[in-house]
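In this note's numbering, the protein residues as written are 11 to 463. As structure tokens, the structure follows; a few thoughts come after it.
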Amino acid sequence: MAKTKSKTQYVCQSCGSVSAKWLGKCPDCLEWNTFQEEAMLPKQTRVEGISSQSAPKPITEILSGDKERFDTGISELNRVLGGGLVKGSLTLISGDPGIGKSTLLLQCAHEIAKRYGTVLYVSGEESEEQIKIRGDRLSATAEKLFIVSETSMEVIEGHIRDLKPAFVIIDSIQTVYTEKVTSAPGSVSQVRECANSLMRIGKLMGIPLFIVAHVTKQGELAGPRVLEHMVDSVLYFEGERTEEIRVLRTMKNRFGTTSEIGVFEMAAEGLVEVYDPSRIFLEDHRGAKEGSMVIGIMEGTRPLLVQVQSLVAETKAVMPRRSALGIELPRLNMILAVLEKKLKIPFYASDVYVNVVGGLSVEGTSQDLGLALSLVSSAKGRDIKYDRLMAIGEIGLTGEIRPVNHVERLIGEGVKMGFEYFMIPSRNMEKIKIKNIHLIPVETLKEAVNKIF
């Protein structure tokens, strides 16, 4: 009897796109040589639901109270999660190698094991002995913290059903494989199928799960984009391995805001929470210097002060260089264009370098005014007039200084850090109720430059 030929398909390892034949270039993500042949999964004859008791209900009968949350014992982690771990939630955490993902999760596992009971830490990259050595260094040795080195999804599922833990960590999803899929661990099909199994287990048993994911050379999440859609929360670790400061940022959160950050400091005993991040980011600030400005930004509900430094150097190159660390490059190019048009400063003949001290990536528009003033200070080679000055404001394409939100909270943070002068948009003046401070209202970028030099 002739053997039945197994059906195969070609799957893009970058975005998960499926094709009946091999393609050199993916039509969806436009990446080259990413299609790999994989066996097609057999069709399921029975659909497994999340709960056997699930049934459609009128929306008026559904309770909308807050979900029950676990206290992780780490307040900065609780902040980015929206108040703690929600039962049955699936959280994805990623970041560069060595940034501190496993360290944070082991500390979290230790705290939850002390508070709520059994915690299962599944590692596909390290042995139990390696994790024990790290646990001894971090003093994360709770009696109910169970460690296992395993990569088979079927075996992991068996451990979860036997232990019935209160919390599960999978480190990492790229090392886990299931027998249902014939492709290698880390492939799109394996990652998708294993994540789906973990989600089903977590929802069915009410267990919060943390899964670690690798990142690509470009710093993006490795694996299919559908992985981010499947999970409830996506956390990303930022920072330089050579620096002590680590920032945990929320990229997606179904149970809270997506703009919160948690700040940690890497120490010998592990990750230490930073409750006053503005003081850490301004630790090396020594007053007004050429090309240096302090700006105020909002990260979720937290006001932060950071120092932005600019260096404008004349160049003979045909194409001047533009480099920005912590600032979006399109935003920098826009501000340079406004400065050239409205203030006639010839940046077209200079290399421009911008850096946010501390390794923080700044988003939003409240930093525009401070960035522009630091660029002008470096280009003119002049120090800023006021020693303890903080600038807040958005710059429009016409050179106007537009109002921003939460100005009073940012000024309050500045007062706490010892700042005396605050340059703000004129239209924000009526919202300021703080007394005994020096406000410098400005309406245009030209007016702002004239007032500080």
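Using N, Cα and C, we set each Cβ at its ideal position, and we do this for glycine too.
Tell me whether residue i sits in a helix, a strand or coil according to DSSP, three-state version.
i      : result
Leu100 : strand
Asp181 : strand
Leu335 : strand
Lys262 : strand
Ser159 : strand
Ala277 : strand
Ala298 : coil
Gly59  : For Gly59, the predicted model reports a pLDDT of 46, less than 50, meaning its position is unreliable; a value from the coordinates is still stated below. Looking at Gly59 - three-state DSSP - the assignment turns out to be coil, as it is neither helix nor strand.
Phe357 : helix
Leu173 : helix
Gly105 : strand
Ile462 : helix
Can you tell me whether residue i is buried or exposed? The criterion is at least 16 other CB atoms within 10 Å of its CB, across all chains shown.
i      : result
Thr18  : exposed
Ile180 : buried
Leu237 : buried
Arg341 : buried
Asn438 : buried
Ala12  : Only weak support is given to the placement of Ala12: the predicted model assigns it a pLDDT of 47, under 50, and the value that follows is read from those uncertain coordinates. By the 10 Å Cβ count, Ala12 comes out exposed.
Pro175 : buried
Met400 : buried
Cys39  : exposed
Leu379 : buried
Just how far apart, CA to CA, sit residue i and residue j?
i      : j      : result
Arg398 : Val366 : 18 Å
Tyr358 : Lys326 : 10 Å
Pro451 : Ala382 : 16 Å
Val222 : Leu116 : 12 Å
Leu292 : Val158 : 42 Å
Gly409 : Ser436 : 14 Å
Gly145 : Ser333 : 40 Å
Leu130 : Phe274 : 24 Å
Ser27  : Gly249 : 32 Å
Ala49  : Val96  : 36 Å
Thr454 : Asn343 : 19 Å
Gly127 : Ile183 : 24 Å
Gln200 : Val191 : 6 Å
Leu315 : Gly110 : 24 Å
Val372 : Ser269 : 12 Å
Met308 : Ser85  : 19 Å
Where do the N-terminal and C-terminal ends of the alpha helix (DSSP H) with residue i fall, by residue?
i      : result
Lys426 : Val417 to Lys426
Met215 : Val198 to Met215
Gln117 : Lys111 to Tyr126
Ala389 : Asp378 to Lys390
Leu407 : Note, Leu407: premise wrong, no alpha helix (DSSP H); not H, not E.
Pro287 : Pro287 to Phe291
Asn43  : Per DSSP, Asn43 belongs to no alpha helix (DSSP H) and is neither H nor E.
Met240 : Val236 to Met240
So if DSSP puts residue i in a beta bridge, which residue, or which two residues, is it bridged to?
i      : result
Gly306 : Leu315
Lys4   : Given a span of 11 to 463 for the chain in the structure shown, any question on residue 4 remains unanswerable.
Ile450 : Met433
Gly272 : Leu258
Asn365 : Gln319 and Leu335
In the DSSP assignment, find the unbroken beta strand (DSSP E) run with residue i in it and report its ends.
i      : result
Gly139 : One detail in the question is off: residue 139 reads as Glu in this sequence, not Gly. Counting along the chain, Glu139 falls outside any beta strand (DSSP E), though it belongs to the alpha helix (DSSP H) covering Glu138 to Leu148.
Ile434 : Tyr431 to Pro435
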